[in-house]
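With this note's numbering, letter number 22 in the sequence shown gets 29, and the count goes up by one each step, no holes. Virtual Cβ for every residue (Gly too), placed ideally from N, Cα, C. Read through the structure below, which is laid out as structure tokens, and then see the notes.
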Amino acid sequence: AKQQHRGSSQYFSPAMGTDARERFKLLKGLRAGFEDNRLFVVYQPQVDMESGRALGAEALLRWRTEEGKFVPPDQFIPLAEQSGLIVSIGEFVLRTACHQLKRLEEQGWTDFRMCVNISLAQFRHAGFIETLNAALRDTEVNPNNLELEITESMAMEDADLVMGLLASIKRTGATVAIDDFGTGFSSLSQLRQLEVDRLKIDRAFVREAQVSSAGSTIAQMVINLGRSLGLRVIAEGIETEEQRQQLLALGCLEGQGYLFARPVPADQLERWLRKEPL
Ligand code: C2E
Ligand code: CA
Ligand code: CA
Ligand code: CA
């Protein structure tokens with residue numbers, strides 16, 4: 008099946024990475040790609056869904072192989088996590104995103120929120136807070152403009168460790184969002200103990216909200232939970248005008264998704280923000 012896919016698709020086949028040899032090859036390629044600067048960061052705008060005004064962007068990692076194929080992050084991030092490579096790759100993403108944030112601040116975007124995904128292995132790594140502090144210090148960004156995204160499952164993994172880390176992050180001035188919210192089983196009391204600033208409604212519930220009442224119930228629950236805890240809420244994966252209207256009607260004001268913009272390289276993000284054609 009892989010041979011068939013090679014010619015016709017720019018992506019690796021989804022089956023790749025299932026057997027150990029393929030995984031090893033992919034990891035070797037990833038290491039080489041990282042060393043040869045074939046990893047880069049794209050940015051997806053986040054908007055006020057009522058006015059369309061830009062509020063920030065999420066930094067997303069891309070890997071373009073020597074052959075020009077794009078390997079989706081869902082395939083290589085897990086490998087990077089298992090191998091520990093994510094610690095240095097994650098630092099690269101953090102620094103790159105902070106540099107870009109600094110550029111935007113200098114262009115007048117003084118309260119633009121730059122969101123960076125942090126994986127569990129990175130978060131757990133002893134040097135994480137120092138890496139964060141160094142990135143903030145070296146790029147001289149306003150720390151309040153940096154938001155770290157951790158997943159709901161990570162937040163619930165090891166409560167004591169996570170609470171300590173969240174407190175340290177808070178001291179740097181950066182904020183924290185819980186990503187893929189709604190997919191885990193955190194309770195109100197657990198959430199209340201965590202020093203987070205924002206909930207991100209998982210794409211699955213945005214999609215479901217349109218087709219089933221169960222889906223819209225979950226979206227509504229997350230929005231109400233956020234409201235009762237005084238947290239901001241953003242919906243990801245907004246693809247249609249109907250979804251935008253529906254999430255707004257449920258009380259969610261911030262959104263991210265293909266309806267507004269796809270993830271784009273830095274120069275295109277800047278053009279998009281200036282409302283110039285891409
Ligand atoms: P995520 O953090 O949930 O990121 C959102 C994903 O949804 C992105 O996929 C984005 O391109 C996609 N997306 C945004 N709007 C829409 C939409 O309207 N429709 C659809 N169908 N998809 C949309 P992407 O870039 O492929 O990333 C996948 C996942 O890989 C991310 O999910 C995140 O878990 C991980 N990832 C990406 N970059 C990084 C990184 O720098 N560090 C870490 N640790 N993980 C990353
Ligand atoms: Ca994310
Ligand atoms: Ca997400
Ligand atoms: Ca996700």
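Membership of residue 242 in the beta strand (DSSP E) is indicated by the continuous run 239-243. Boundaries of the beta strand (DSSP E) harbouring residue 124: 120-124, taken from the DSSP string. Sequence-distant partners of residue 251 (beyond 5 residues in either direction) whose C-beta falls short of 7 Å from its own C-beta, in its chain, are 56, 245, 262, 266. Judged by the Cβ position, residue 209 qualifies as a neighbour of ligand 3 at the 8 Å threshold, a heavy atom of the ligand being closer than this. When distances are taken from the beta-carbon of residue 88 to the heavy atoms of ligand 3, even the shortest one reaches 8 Å or more. Between the alpha carbons of residue 156 and residue 28 lies a gap of roughly 32 Å.
The residue from 191, 34, 46 with its alpha-carbon nearest to that of residue 71 is 46.
Close CB contacts of residue 164 within its chain, under the 8 Å cut and outside five residues either way in sequence, are with 127 (chain order).
Residue state for residue 103 is assigned as helix, using DSSP reduced to three classes. Residue 171 has its alpha-carbon roughly 13 Å from the corresponding atom of residue 179. Residue 50 has 66, 271 as its beta-bridge partners, per DSSP.
Comparing C-alpha distances from residue 137 to each of 114, 120, 102 shows the shortest one belongs to 102. Within 10 angstroms of the beta-carbon of residue 270 lie 16 or more other beta-carbons, which makes it buried.
Per DSSP, the unbroken alpha helix (DSSP H) holding residue 167 starts and ends at 166-179. Annotation: residue 41 to residue 96 spans about 7 Å, alpha carbon to alpha carbon. In this structure, the beta-carbon distance from residue 258 to residue 230 falls below 9 Å.
Rounded to whole angstroms, the separation of the alpha carbons of residue 151 and residue 63 is 12 Å. Taking the CA atoms as reference points, residue 79 sits about 19 Å from residue 94.
Taking C-beta atoms as the reference points, residue 154 and residue 188 fail to come closer than 9 Å. For residue 39, no beta strand (DSSP E) run applies; the uninterrupted alpha helix (DSSP H) run containing it begins and ends at 27-42, by DSSP. Distances between the C-beta of residue 261 and the heavy atoms of ligand 2 are all 8 Å or more. As for any beta strand (DSSP E) of minimum length 3 sitting wholly inside the region 115-160, the runs are 120-124, 153-158, ordered along the chain. The Cβ neighbour count for residue 76, taken over all protein chains shown within 10 Å, is under 16; the residue is labelled exposed.
Cβ neighbours of residue 119 within its own chain (closer than 8 Å, five residues either side excluded): 61, 62, 63, 64, 108, 111, 112, 152.
Under the DSSP assignment, residue 88 falls in the alpha helix (DSSP H) whose first and last residues are 80-90. Judged by DSSP in its simplified three-state form, residue 183 adopts strand.
By the C-beta density criterion, residue 35 is exposed, having fewer than 16 other C-beta atoms within 10 angstroms. Where residue 254 is concerned, there is no enclosing beta strand (DSSP E), although the alpha helix (DSSP H) around it starts and stops at 248-257. When distances are taken from the beta-carbon of residue 48 to the heavy atoms of ligand 1, the shortest one is below 8 Å.
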